[in-house]
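Visitor: Structure incoming, see below.
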Amino acid sequence: MLQTPHIFSHQHQYGQQNDQVSSWQQSQHQALNHVQQHAQQAQAAAAAAAQAQQQHYSRIAVNQSHSSANNRSGSSNDPSSNNINAIMNGGAETGSPGMEQGITEENRKVLQWVAELMDPARREGALMELSKKREQVPELALVIWHSFGVMTSLLQEIISVYPLLNPSQLTAAASNRVCNALALLQCVASHNETRGLFLNAHIPLFLYPFLNTTSKSRPFEYLRLTSLGVIGALVKNEPSTSSALATNGQPNNSSGNNSSPTITFLLTTEIIPLCLRIMETGSELSKTVAIFIVQKILLDDTGLGYICATYERFYAVGTVLSNMVGGLVEVQTVRLLKHVVRCFLRLSDNNRAREALRQCLPEPLRDATFQAVLRDDAATKRCLAQLLINLSDNVADAQQNPGIGM
1 MLQTPHIFSH QHQYGQQNDQ VSSWQQSQHQ ALNHVQQHAQ QAQAAAAAAA
51 QAQQQHYSRI AVNQSHSSAN NRSGSSNDPS SNNINAIMNG GAETGSPGME
101 QGITEENRKV LQWVAELMDP ARREGALMEL SKKREQVPEL ALVIWHSFGV
151 MTSLLQEIIS VYPLLNPSQL TAAASNRVCN ALALLQCVAS HNETRGLFLN
201 AHIPLFLYPF LNTTSKSRPF EYLRLTSLGV IGALVKNEPS TSSALATNGQ
251 PNNSSGNNSS PTITFLLTTE IIPLCLRIME TGSELSKTVA IFIVQKILLD
301 DTGLGYICAT YERFYAVGTV LSNMVGGLVE VQTVRLLKHV VRCFLRLSDN
351 NRAREALRQC LPEPLRDATF QAVLRDDAAT KRCLAQLLIN LSDNVADAQQ
401 NPGIGM
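Structure representation (structure tokens):
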């Protein structure tokens, strides 16, 4: 006997479908709630970032209010009057209690130019104007760093020039534009409160393709010089500190290392060979900035130990310095000579390097070749005299410095 379908069996099927629809709707509601939660979290993060940025602008405004009060009794032409004295709240009519509502015309222009960095159509003019004002607005570095998207815009300017480097297609206009962006990066690198952030973001690495160029045309030379200025700003205010090296001659990044973070970072990059090549082939200005960077690295104990850790590193630095001495015999300039002498003097603080320099120190530094050019530079004359004393045979090697691997 055949089994006939139950008269209500179709209702069970519809009930199952309804259950499926109900579960699907629940899953959709859960997904929607999940998206809403993410949106709320994103809004909270954006609000926190805006609050942090607001605090920086608030501090700038408070500093300016004090500066304005002090300047009322003095000259109205004081450059400090160009400091930013108000926060950017999206409108002049809004403000925070206890802070000045008014913004001077100069400060309004600065804030407007910073905002225009986000607009590719107006960025070039803003770069030019801000590069002129960077010395007059002490807190400009904070505004640039903490303004949303501004650092990204500056990096876009730098990256956009990469295709023009090889083959050499860099025009004077393109070089001037990117150099204005580099000038603002130098402003950030110079400020005590943004230098560490600048370094932690590894932004100096974006400049190395410019330092690696070899063209002697004016646009490229200007590009290299401005890039060196950013690195020079990083090391300029770094104190010389004592630290140790790892057994392999690499910078020791242990927690007990008190080395300058800037020098430690630079030693993990190609900055020394890049500077050495510029010291050989660049213009006088580029050579001066490049050897200044090398000198600052040598003045740090980690830097000295790193360069003297292997014979190859010491030979590379010593050879370039010796070649510079040969060039200075023909074209004598105190600006370069004083850095060369100080580099050799610092190398003589290392035991093995001192032994090597006794054999290979350039003869013009031993005789009276530079006596005339150093007549009015007492500090460099004392450094040269101390170098010759350090290399004299009757000076005992009392220090136990890291040696050069022979």
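Numbering-wise, the sequence shown is residues 1 to 406 according to UniProt numbering.
All residues carry an ideal CB built from backbone N, CA and C; glycine is no exception.
1. Ignoring anything shorter than 4 residues or poking outside the stretch 258-344, list the alpha helix (DSSP H) runs there in chain order.
2. Is Gln64 helix, strand or coil by DSSP?
3. Excluding five sequence neighbours on each side, which residues of the same chain lie with their C-beta closer than 6 angstroms to the C-beta of Val294?
4. Ends of the alpha helix (DSSP H) at Ile159?
5. Nearest-angstrom Cα distance between Phe103 and Asp119?
6. Would DSSP call Val143 helix, strand or coil?
7. Measuring CA to CA, which of Arg358, Gly232, Gln112 and Asn237 is closest to Ile144?
8. Helix, strand or coil: how does DSSP classify Pro167 here?
9. Below 7 angstroms CB to CB, which residues in the same chain sit around Met128 once its five sequence neighbours on both sides are set aside?
10. Is Asn77 helix, strand or coil by DSSP?
11. By Cβ distance below 6 angstroms, which residues in the same chain neighbour Val317 in space, the five residues on each side in sequence not counted?
12. Whole angstroms is fine: what's the gap from Leu304's alpha carbon to Phe370's?
13. So Asn176 is in the alpha helix (DSSP H); what residue range does that whole segment cover?
14. If you reduce the DSSP assignment to three classes, tell me which class Met128 lands in.
15. Please name the residue in Val373, Pro261, Val340 and Arg375 whose C-alpha comes closest to that of Leu361.
16. Compute the beta-carbon to beta-carbon distance between Glu157 and Arg134, rounded to the nearest angstrom, for a pair I have assumed lies under 8 angstroms.
17. Output the distance between the C-alpha atoms of Ser215 and Ser168, rounded to the nearest integer angstrom.
18. Taking the Cβ atom as the reference point for each residue, do Phe206 and Leu155 lie within a distance shorter than 8 angstroms?
19. Keeping to the same chain, check which residues put their C-beta closer than 8 angstroms to that of Cys343; ignore five residues upstream and five downstream.
20. Measure the C-alpha to C-alpha separation of Glu330 and Pro364 and round it to an integer number of angstroms.
21. Whole angstroms are fine: how far does the CA of Ser348 sit from the CA of Arg354?
22. Using the C-alpha atoms, what's the distance from Arg366 back to Leu388?
23. Among Arg224, Val334 and Leu234, which residue has its Cα nearest to the Cα of Gly282?
24. DSSP three-state call for Lys216: helix, strand or coil?
25. By alpha-carbon positions, which one of Ser392, Leu337, Asn350 and Arg346 ends up nearest to Asp377?
26. Tell me which residue opens and which closes the alpha helix (DSSP H) that Leu357 is part of.
27. For Ala69, collect the residues of the same chain with a Cβ closer than 8 angstroms to its Cβ; drop the 5 residues on either side in sequence, then sort them by chain order.
28. When the Cα atoms are used, what is the spatial distance from Leu199 to Ala189?
29. Using alpha carbons as the reference points, say which of Pro219, Val325, Leu184 and Pro261 lies closest to Leu142.
30. Should Tyr222 be labelled buried (16 or more other beta-carbon atoms within 10 Å of its own) or exposed?
31. Is Pro138 helix, strand or coil when you go by DSSP?
32. Is the beta carbon of Glu280 less than 8 angstroms from the beta carbon of Tyr208?
33. I need the boundaries of the alpha helix (DSSP H) containing Pro209, first residue and last residue.
34. Counting only the same chain and skipping the five closest in sequence on each side, list residues whose C-beta sits under 8 angstroms from that of Leu374.
35. Would you mind sorting His191 into buried or exposed? The rule is 16 or more other CB atoms within 10 Å of its CB.
36. Indicate the three-state DSSP secondary structure (helix, strand or coil) for Val235 in the structure shown.
Guide: Once the coordinates are examined:
1. 261-267, 271-281, 284-299, 301-307 and 311-330
2. Per-residue confidence for Gln64 stands at a pLDDT of 48, beneath the threshold of 50, marking its modelled position as unreliable; no derived number is given.
3. Cys275
4. Counting along the chain, the unbroken alpha helix (DSSP H) around Ile159 starts and ends at Val150 to Ile159.
5. The question names Phe, but residue 103 is Ile in the sequence shown. The alpha-carbon atoms of Ile103 and Asp119 are separated by roughly 23 angstroms.
6. helix
7. It is Gln112 whose Cα lies nearest to the Cα of Ile144.
8. For Pro167, the three-state secondary structure derived from DSSP is coil.
9. Asn180
10. Residue placement at Asn77 cannot be trusted, given a pLDDT of 41 that sits under 50; the coordinates are not used to answer.
11. Ile307
12. 26 angstroms
13. Ala172 to Ser190
14. The three-state reading of DSSP puts Met128 in helix, counting H, G and I together.
15. Val340
16. Actually they do not touch by this definition, with Cβ atoms about 15 angstroms apart.
17. 7 angstroms
18. yes
19. Ile291, Val294, Gln295, Leu298, Val317 and Leu321
20. 11 angstroms
21. Spanning the two alpha carbons is a distance of roughly 4 angstroms.
22. 7 angstroms
23. Arg224
24. In the three-state DSSP reduction, Lys216 falls in the coil class, being neither helix nor strand.
25. When the alpha-carbon of Asp377 is set against those of Ser392, Leu337, Asn350 and Arg346, the nearest one is in Leu337.
26. Where Leu357 is concerned, the enclosing alpha helix (DSSP H) stretches over Asn351 to Cys360.
27. The pLDDT assigned to Ala69 is 45, lower than 50, so where the model puts this residue is not dependable; a value taken from the coordinates is nonetheless given after this. Taken in chain order, the list of residues that qualify is empty.
28. 8 angstroms
29. Leu184
30. buried
31. coil
32. no
33. Tyr208 to Leu211
34. Val334, Leu337, Thr380, Lys381 and Leu384
35. Classification of His191: buried, given that the 10 Å Cβ count is 16 or more.
36. helix
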